[in-house]
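Q: Position one of the sequence shown corresponds to residue 913 (this note's numbering), numbered consecutively onward.
Idealized CB from N, CA, C, for every residue including glycine.
Note that this is a predicted model, so its numbers are computed, not measured.
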Amino acid sequence: MFHFLFILAFGIIATIAAVNLVRSFMMLSNETRVYPNFQSNTQGAQSQRPRPTPHPEMVDDLGQPINEPLLVVRSLDVEDARQRLDNLYNSSPSGENNQEEDA
913 MFHFLFILAF
923 GIIATIAAVN
933 LVRSFMMLSN
943 ETRVYPNFQS
953 NTQGAQSQRP
963 RPTPHPEMVD
973 DLGQPINEPL
983 LVVRSLDVED
993 ARQRLDNLYN
1003 SSPSGENNQE
1013 EDA
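Structure, rendered in structure tokens:
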């Protein structure tokens, strides 16, 4: 009897989940539907469309788009990264104190 109730409860929950999935797909398709603009041939309709503005980091001081990379990341192997971190740690003031205590 317990197995039957478990299967029934699972079936009800699965049905509710499937119905919600279908409903959200239908709502998504309604929101993304593109309606044709019948006034696109007139000048007024073209001036009413908002112009896409680029992100402020993608333009220079004059407002012209830049064509250079904003960030360049160089790949390091693990040993090189550990060595650099150890050098930074040992060159810090607390690293010098720890090194003297260890010796």
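Checking the sheet assignment: what are the DSSP bridge partners for Val971?
A: In DSSP, Val971 forms a bridge with Pro977.
Q: By the three-class DSSP mapping on this structure, what secondary structure does Arg963 have?
A: The answer is coil: DSSP assigns Arg963 none of H, G, I, E or B.
Q: Assuming Pro881 and Pro966 are in contact, meaning their beta carbons sit under 8 Å apart, how far apart are those beta carbons, in whole angstroms?
A: This structure does not reach residue 881, given that the chain is present from 913 up to 1015, and the question cannot be answered.
Q: Tell me which same chain residues have a C-beta within less than 7 Å of the C-beta of Glu969, skipping the five on either side of it?
A: So the list reads Leu982, once near-sequence residues are dropped.
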